[in-house]
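Single-structure report; data block below.
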Amino acid sequence: MAVVSTPTTLARALPALDNAEVLRIRNDFPVLDQLVNGRPLVYLDSGATSQNPLSVIEAEQEFYEQRNAAVHRGAHHLAVEATEVFEDARQTIADFVGAQYEEIVWTSNATEGLNLISYALSNAGLWAAQGRGDARLRDLGLGPGDEIVVTEMEHHANLIPWQELAYRTGATLRYIPIEDFGNLRLDQAAEIVGERTRLFAFTHASNVLGTINPVQELVAIARRAGALVVLDACQSAPHLALDVKQLDVDFAVFSGHKMLGPTGIGVLYGKQELLDVLPPFLTGGSMITTVTMERAEYLPAPQRFEAGTQKISQAVALAAAVNYLTETGMDRVHRWESELGQRMVAGLEAIDGIRVLGPAAGQDRIGLAAFDVAGVHAHDVGQFLDARGIAVRVGHHCAQPLHRRLGLTATTRASAYLYNTTDDVDEFLDAVSGVRAYFRA
Amino acid sequence: MSLDQLYQQIILDHSKARHGSGLSETAAPEGASTGLSHQLNPVCGDEVTLRVAVERGTVAQLAWDGAGCSISMASASVLSEMAEGMSVDELRSVISNFREVLRSRGKVHADPEVLGDAAAFEGVARYAARVKCAMISWVAAEDALNQAA
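Chains as they are written, first to last, in this note's numbering: chain X, 1 to 441; chain F, 442 to 590.
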């Protein structure tokens, strides 16, 4: 049943990506071939949402043209075919991140995945108090005196669900501060994550700073404290080779639309021994065994966490996206994007009045750069770039506490993907160098 | 539409020389009836705190403090310059006209006879994401008027 993905050994044998190869890749992305305000589109907003190759668009269309049916029910031909491609897609994702098939849960997006963990954990406390479910639930619930730890660089999606979990359970939320250049204070992490810590949630790569966090060190700190680890992989799964087993995290989440897939689908990875005992978050159809008028028994993971009609065409299309990435080779993607990220930072730092957030040029970062332009608001910067056909993100990028920490309310962010050339970066840098003069800053 | 049609000279001028800015250092005229409003756009962080002082049915002073993009700051400056000396009814009617133009997606043209310098913001109507920037101080003024008048 498993879809055979291209072995990584083959991908490794491919030469590094370069502009010529990227120009060939671009041909697979129809949306990139257009004029915006009379200029060829330069799309540098993949950190917000990425574009889809034809193979992804066709996978979704083919599903609707040939196989559309509800999954996991019905004995007819289409229902069987739809179930097969839906579950094949799960295997493809599992292979992509080094997980087992049963450990991959479909969600609507990464935000839903994080809320799922948050609610499953508070339900664990409720169940344990009533003597319901597996005995191990007694160790998973949280209460007063327990602590949840996050970091100062989190996206709101990896902050607010934990604030609310703390509110529901009486636990306390703490955070690891950052240094001015955007690295986590590891010395403080070792002090803050302690015996009271039950859960440590942090991002793999910052959507604002571009910092790649030292996951293994952070996991080691959590293990010493006996805390569960939740990894926000939204900015890593699309851009570098991710292996959840090697990193030894308990949970990880990521979004389909940031990795060449469609919107409306995300992935939650959870260690099997945890998913097997955790209570569900959403309840209803498709996730039960026996239902009476009084109560219900639930299916094992992953179905236990997939209530209601699933995101079938999106799952199939996401598998096509993952196949595209695997065939290109995640190590090649990572190296190319690092190069683009470094080019952005070096170029931005050379422009008067620009302050780049996060690691300085030469330091590790993913292929994005957020920056402040002295005397010009980010919305004006974005508008100026848009007039030249350049798409970037402006605002707080769903990280208000991080911006407040850096003394800013809004910044401009350029984020690259495997379809961006060095010319894209140079166009962008050339445009940014004209911003302050235009706005008389 | 070109960038220069959006960022007209009047807008760029007012975004730098901000009329009526400095609320905290400006006292309201003695005996005037005042209203204060704070508006925030959570999407971009644009923020305006604005006070209207009304004397005998006339806007005696419109002072504000704010932080934000050039369009939001210029629009507060233009509003402040225009509003002082207007009757409360006149200002309400200008605000309502400004809103109609801004929300029309470019279908309703600005009449300089009615809107004065604020007619320069006509181009903003074509950029749905920026309409709130231009409106923020006008919404604050409307709110403050309701308290003062």
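Glycine is no exception: its CB is placed at the ideal position from the N, C-alpha and C atoms.
All of these numbers come straight from a predicted model, not from anything done at the bench.
Residue-chain proximity (residue i, chain X), Cβ-Cβ < 9 Å
| i | result |
| --- | --- |
| S516 of chain F | no |
| I512 of chain F | yes |
| S465 of chain F | no |
| D487 of chain F | yes |
| R567 of chain F | no |
| R540 of chain F | no |
| R571 of chain F | yes |
CB contact check: residue i to chain F, cutoff 9 Å
| i | result |
| --- | --- |
| Q383 of chain X | yes |
| T409 of chain X | yes |
| V4 of chain X | Per-residue confidence for V4 of chain X stands at a pLDDT of 48, beneath the threshold of 50, marking its modelled position as unreliable; the derived number appears in the next sentence. Taking Cβ atoms only, chain F never reaches closer than 9 Å to V4 of chain X, which makes this a no. |
The beta strand (DSSP E) enclosing residue i, as first and last residue numbers
| i | result |
| --- | --- |
| F200 of chain X | T197 to T203 |
| R185 of chain X | No beta strand (DSSP E) contains R185 of chain X, which DSSP labels as neither H nor E. |
| Q480 of chain F | S474 to L481 |
| Y269 of chain X | G266 to G270 |
| N507 of chain F | Per the sequence shown, the amino acid found at residue 507 of chain F is Gly instead of Asn. Note, G507 of chain F: beta strand (DSSP E), T499 to A508. |
| D372 of chain X | L368 to V373 |
| D415 of chain X | Asp is not the amino acid found at residue 415 of chain X; the sequence shown has Ser there. Element bounds for S415 of chain X: T411 to S415. |
| R174 of chain X | T172 to I176 |
| Y298 of chain X | A296 to Y298 |
Under 8 Å from the C-beta of residue i: neighbouring residues of chain X
| i | result |
| --- | --- |
| K457 of chain F | R440 |
| V484 of chain F | G395 |
| L453 of chain F | F439 and R440 |
Own chain residues within Cβ distance below 7 Å of residue i, not counting five before or after
| i | result |
| --- | --- |
| G125 of chain X | G141, L142, G143 and T169 |
| V4 of chain X | Because V4 of chain X carries a pLDDT of 48, less than 50, the predicted location of this residue cannot be relied on, and no value is offered for it. |
| H446 of chain X | Summary: the structure shown does not reach residue 446 of chain X, with chain X confined to residues 1 through 441, and so no result is reported for it. |
| P40 of chain X | G389 |
| R136 of chain X | V277 |
| F96 of chain X | V322 and T326 |
| R440 of chain X | none |
| L408 of chain X | D372 |
| T467 of chain F | A504 |
Euclidean distance between Cα positions of residue i and residue j
| i | j | result |
| --- | --- | --- |
| S513 of chain F | A560 of chain F | 14 Å |
| C398 of chain X | G382 of chain X | 17 Å |
| M1 of chain X | L299 of chain X | With a pLDDT of 44 at M1 of chain X, under the threshold of 50, the predicted position of this residue should be treated as unreliable, though the coordinate-derived value follows. M1 of chain X and L299 of chain X: Cα-Cα distance of roughly 21 Å. |
| S462 of chain F | N19 of chain X | 50 Å |
| P302 of chain X | E103 of chain X | 7 Å |
| T92 of chain X | V267 of chain X | 12 Å |
| V149 of chain X | L447 of chain F | 46 Å |
| F371 of chain X | L209 of chain X | 9 Å |
| F202 of chain X | M523 of chain F | 50 Å |
| G395 of chain X | S46 of chain X | 15 Å |
| E525 of chain F | G113 of chain X | 53 Å |
| A241 of chain X | Q34 of chain X | 31 Å |
| V253 of chain X | N115 of chain X | 10 Å |
| A129 of chain X | D139 of chain X | 11 Å |
| F496 of chain X | V356 of chain X | This structure cannot settle anything about residue 496 of chain X, because the visible part of chain X is limited to 1 through 441. |
| Q246 of chain X | M576 of chain F | 52 Å |
| L275 of chain X | I312 of chain X | 21 Å |
| D552 of chain F | T412 of chain X | 34 Å |
| F181 of chain X | A205 of chain X | 14 Å |
Under 9 Å from the C-beta of residue i: neighbouring residues of chain X
| i | result |
| --- | --- |
| A508 of chain F | H377 and T409 |
| L444 of chain F | N37, Q383, F384, D386, A387, R388 and Y438 |
The alpha helix (DSSP H) enclosing residue i, as first and last residue numbers
| i | result |
| --- | --- |
| H77 of chain X | H77 to V97 |
| I312 of chain X | I312 to T328 |
| E65 of chain X | L54 to Q66 |
Per-residue contacts from residue i into chain X (C-beta, under 7 Å)
| i | result |
| --- | --- |
| L532 of chain F | Result: empty, since nearest Cβ-Cβ is about 27 Å, beyond 7 Å. |
Interface partners of residue i on chain F, CB under 9 Å
| i | result |
| --- | --- |
| D380 of chain X | Y448, S456, C510, S511 and I512 |
8 Å Cβ shell around residue i - same chain, five flanking residues per side excluded
| i | result |
| --- | --- |
| L453 of chain F | S511 and A515 |
| A227 of chain X | V149, V193, T197, R198, L199 and F200 |
| W579 of chain F | S516, L520, I536, F539 and R540 |
| A416 of chain X | L44, S46, E337, L340, G341, M344, G367, L368, D424 and V425 |
| G98 of chain X | L242, D243, V244, K245 and Q246 |
Any chain B beta carbon closer than 9 Å to residue i
| i | result |
| --- | --- |
| R497 of chain F | The structure shown contains no chain B; the protein chains it does contain are X and F. |
Own chain partners of residue i with C-beta closer than 6 Å, once the 5 adjacent residues on each side are dropped
| i | result |
| --- | --- |
| R405 of chain X | E152 |
| A190 of chain X | I221 |
| H479 of chain F | T490 |
| Q588 of chain F | G476 |
| Q449 of chain F | A561 |
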